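See below:
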């Protein structure tokens with residue numbers, strides 16, 4: 182007789198028949214949220230794929246609360262909600278700002294920084310599908326170097342990926358973590374730890390998008406895992422002044438244990454035009470990130 | 126801090142939980158997952174990862190899938206550690 | 095009765111928010127509104143106001159935070175001006191379309207470039223399509239009264255729309271005048287606890303703002319127009335009740351100043367109405383038959399009342415402290431439309447745009463303009479649109 186590895190309450194919050202593309206990581210992540218918080222959560226959602234995934238009025242695909250907000254304001258609205266609930270003495274519902282990389286790293290950067298600096302008590306989760314997916318796969322600051330997007334259609338993105346987790350660490354907030362849809366138990370644990378901390382918590386969740394990254398929808402989890410296994414996406418938490426490397430990423434501290442990045446890149450159509458020079462720069466990027474992590478452990 | 130919630134007669138842009146907001150998304154499928162419950166080890170990975178939350182694992186009966194809403198993405202087949210799920214083309 | 099204080103317009107706004115017992119204030123400073131925020135911070139840190147202040151990093155975030163707090167069940171207040179109001183414009187629409195009751199003070203200031211901190215109504219008028227109930231004060235007592243009443247109007251189930259109260263920057267904002275602040279007990283009884291159409295606090299599952307079809311969307315917005323219509327009688331009811339308990343004279347959405355027997359009527363809004371009143375008294379002494387309709391509630395526009403009072407006059411001159419480039423002043427446009435709603439034949443209606451960019455208009459200027467208008471009407475040669483600048487007329 183086996184015990185379910187995640188609580189049964191995850192069964193009835195994310196409702197079937199939503200408007201997400203097949204293989205979308207967003208509802209999977211919401212299931213993990215519901216495993217931790219049940220239906221007692223308020224998601225503050227700016228313009229993003231999530232705005233549409235929940236479906237059309239009068240129906241909503243989540244058995245929880247959702248506040249749709251203007252694009253740049255997720256962190257600000259969540260600040261207001263959390264302060265009002267605190268004032269009213271309501272402590273049994275979790276406020277979560279749920280925004281994409283566009284709404285966080287780009288248009289939402291100012292309000293994110295403000296909310297982090299003021300240390301409001303809520304969890305901000307940036308689900309990172311590495312482009313403006315909802316408007317049709319345009320480049321964001323979180324798009325990795327070399328990736329095809331509709332606004333970098335020939336040359337691919339020229340700049341390196343913006344690291345929002347590091348920016349949040351620099352803000353000195355109580356908890357910063359990176360997570361991946363390929364490691365849902367790790368994500369679950371991080372949410373549990375975050376829920377017990379008072380103050381501003383930030384989680385950057387790697388969320389591969391089958392449509393935008395050009396891969397078969399069945400590989401969403403496999404590709405997320407390959408990102409970690411090749412050392413490209415490092416799973417860690419930052420609290421008490423240092424980096425705590427997460428279990429799934431530990432083996433890859435050792436470069437010889439990492440899978441070659443090509444294994445990750447070749448499964449994605451958006452990296453079809455990768456040449457040797459770009460490949461080398463990606464390998465250097467991986468090494469640089471690991472150096473930074475090791476230095477702060 | 127007292128708050129009185131008094132609904133008004135006005136129509137408001139408020140939506141409520143509903144299964145199938147995008148209709149019967151099972152019609153989107155090009156392939157469907159087929160489960161061999163005799164191979165299933167009840168690890169729950171397929172239930173955990175299904176993006177439409179239509180897979181239920183029970184210790185006694187194994188895996189069941191609500192095909193009304195299954196979008197045929199194939200994630201369940203990919204995460205199953207014992208390859209108990211195959212994707213077959215929809216008729 | 096209450097406390098008799100000497101307050102600047104900005105402090106009057108802050109005191110109104112204080113006695114309304116707001117729970118959350120999220121604001122960002124901008125000249126000439128800054129002292130509103132500072133006063134509220136003082137009230138909160140001295141323990142006089144039991145509220146949370148969110149020192150946001152921008153005006154867009156200020157209204158967004160107020161929006162979030164309002165949805166979660168808090169009574170909220172913020173204030174802004176000019177560029178800040180424009181920066182939060184997207185959220186101004188969001189708040190009314192989500193039917194979130196809240197109150198905002200607008201300390202009016204023109205818009206740049208060039209940089210200019212002085213008052214006109216451009217920033218205020220820029221919000222006239224947003225679905226907020228809008229009022230405008232002439233003195234600091236009115237600034238206080240209108241703001242306090244705004245909470246009751248906003249939280250009335252027949253309205254459930256946010257309300258903004260305008261006062262001129264510097265002219266009212268930084269000028270001290272006597273203001274009577276009613277007793278807290280009286281206000282508590284009259285205003286009562288916060289009321290809103292729905293709350294997002296985990297007590298039920300709802301989603302505000304999901305994608306909606308064109309037909310559904312249009313219905314939501316038609317209901318905002320319906321709520322505006324209902325607001326007409328609600329603002330009157332609220333002011334009547336308020337006048338009864340405070341002893342303040344009832345003025346209504348439009349104040350009639352010597353308008354009952356006037357053959358020529360001026361329409362204005364804001365602090366310069368005081369100068370206009372001086373000029374009217376002066377002109378009456380000289381034998382002119384002039385009066386004033388002073389707008390106190392700009393949205394919903396009190397067109398029917400204005401038509402009723404002014405249709406039998408020989409001429410109406412509408413003073414605007416803002417202009418819709420390529421068209422006319424906003425109050426003129428609303429007035430002309432209101433007349434057309436009722437009649438094919440109307441008296442002469444003239445638009446004078448003045449005081450833009452903070453230019454000071456005195457009662458002498460008003461006297462000159464009114465005399466010329468009377469002369470124009472009597473010679474049957476009215477210039478419908480005029481921009482009055484440096485004492486001269488620009489057609």
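Chains as they are written, first to last, in the working numbering: chain A, 182 to 478; chain B, 126 to 216; chain C, 95 to 489. Here a beta-carbon is modelled for each residue, glycine too, at the ideal position from N, C-alpha and C. Since we're looking at a predicted model, the values are computed, not measured.
**Request:** Could you tell me the distance, in whole angstroms, from the CA atom of residue 443 of chain C to the CA atom of residue 147 of chain B?
**Result:** 55 Å
**Asked** residue 376 of chain C versus chain B: which residues are under 8 Å apart at the beta carbon?
**Response** Chain B residues near residue 376 of chain C: none, gap ~48 Å exceeds 8 Å.
**Proximal residues of chain C, C-beta to C-beta of residue 147 of chain B below 9 Å** = Result: empty, since nearest Cβ-Cβ is about 11 Å, beyond 9 Å.
**Request:** Indicate whether the contact test is met: 3 or more Cβ pairs, each with one atom in the stretch 175-183 of chain C and one in the stretch 150-166 of chain C, closer than 8 Å.
**Result:** yes
**Item:** Interface residues of the stretch 127-159 of chain B facing chain C [CB-CB below 7 Å]
**Value:** 127, 128, 129, 130, 131, 132, 133, 135, 136, 137, 138, 139, 140, 141 and 142
**Request:** Taking C-beta pairs closer than 8 Å, name the residues in chain A that residue 194 of chain B reaches, listed in chain order.
**Result:** 197 and 198
**Message:** Between residue 191 of chain C and chain A, is the shortest Cβ-Cβ distance under 8 Å, so that the two count as touching?
**Reply:** no
**Item:** chain A residues whose Cβ lies nearer than 8 Å to that of residue 299 of chain C
**Value:** 220, 241, 243, 244, 245 and 246
**Message:** Using a 10 Å radius around the Cβ and a threshold of 16 neighbouring Cβ atoms, would you call residue 246 of chain C buried or exposed?
**Reply:** buried
**Prompt:** If the cut is a Cβ gap below 7 Å, which residues of chain A does residue 198 of chain B touch?
**Reply:** 203, 204, 398 and 399
**Message:** What does the Cβ neighbour count give for residue 262 of chain C, buried or exposed, with the cut at 16 atoms within 10 Å?
**Reply:** buried
**Prompt:** Contact check, residue 246 of chain A vs residue 296 of chain C under 8 Å by CB: the rounded distance?
**Reply:** 6 Å
**Message:** Under 8 Å, with one C-beta from each stretch per pair, do the stretch 131-139 of chain B and the stretch 166-175 of chain B reach the 3-pair mark?
**Reply:** no
**Message:** Which residue wins for smallest C-alpha separation from residue 416 of chain A, given the options A:319, A:474, A:443 and A:441?
**Reply:** A:474
**Prompt:** Taking 8 Å as the CB-CB limit, is residue 182 of chain A close to chain B?
**Reply:** For residue 182 of chain A, the predicted model reports a pLDDT of 45, less than 50, meaning its position is unreliable; a value from the coordinates is still stated below. Output row for residue 182 of chain A: interface = yes.
**Message:** For residue 203 of chain B, report the span of its alpha helix (DSSP H) as first-last.
**Reply:** 200-204
**Asked** With a CB to CB cut of under 7 Å and the five nearest residues on each side skipped, what residues in its chain are close to residue 428 of chain C?
**Response** 395 and 397
**Item:** Members of the stretch 156-169 of chain C that neighbour chain A once the beta carbon cut-off is set at 9 Å
**Value:** 156, 157, 158, 159, 160, 161, 162, 163, 164, 165, 166, 167 and 168
**Prompt:** Can you list, in chain order, the stretches of the beta strand (DSSP E) that have 3 or more residues and sit fully within the stretch 407-453 of chain C?
**Reply:** 409-414 and 442-447
**Prompt:** By the criterion of Cβ-Cβ separation under 7 Å, what are the contact partners of residue 302 of chain C in chain B?
**Reply:** 138 and 139
**Request:** Please list the residues of the stretch 268-300 of chain A that have a C-beta atom closer than 9 Å to any C-beta atom in chain E, keeping them in chain order.
**Result:** Going by chain labels, chain E is absent from the structure shown, which instead holds the protein chains A, B and C.
**Request:** Compute the Euclidean distance between the alpha carbons of residue 270 of chain A and residue 107 of chain C, then round it to the nearest angstrom.
**Result:** 28 Å
**Item:** Buried or exposed by the 16-neighbour rule on C-beta atoms within 10 Å, applied to residue 419 of chain C
**Value:** exposed
**Message:** By the three-class DSSP mapping on this structure, what secondary structure does residue 182 of chain A have?
**Reply:** Summary for residue 182 of chain A: the model assigns pLDDT 45, below 50, so the residue's position carries little reliability, and this model does not support an answer.
**chain A within 8 Å of residue 161 of chain B, Cβ atoms only** = no
**Item:** C-beta neighbour in chain A for residue 204 of chain B, strict 8 Å
**Value:** yes
**Message:** Please report the straight-line C-alpha distance between residue 333 of chain C and residue 354 of chain A, rounded to a whole angstrom.
**Reply:** 47 Å
**Request:** May I have the straight-line CA-CA distance separating residue 126 of chain C from residue 132 of chain B, to the nearest angstrom?
**Result:** 38 Å
**Message:** To the nearest angstrom, how far is the alpha carbon of residue 243 of chain A from that of residue 225 of chain A?
**Reply:** 13 Å
**Asked** Where does the unbroken alpha helix (DSSP H) through residue 371 of chain C begin, and where does it stop?
**Response** 366-379
**Asked** Going along chain C in order, which residues have a C-beta closer than 8 Å to the C-beta of residue 237 of chain A?
**Response** 304, 305, 306 and 307
**Prompt:** Going by Cα to Cα distance, which pick from A:347, A:311 and A:358 is closest to residue 331 of chain A?
**Reply:** A:311
**Prompt:** When you compare only the Cα positions, how much space is there between residue 468 of chain C and residue 368 of chain C?
**Reply:** 20 Å
**Item:** Min CB distance residue 261 of chain A to chain C below 8 Å
**Value:** yes
**Request:** State yes or no: is the C-beta of residue 194 of chain B within less than 8 Å of the C-beta of residue 436 of chain A?
**Result:** no
**Item:** Environment of residue 262 of chain A [buried if 16+ CB atoms lie within 10 Å]
**Value:** buried
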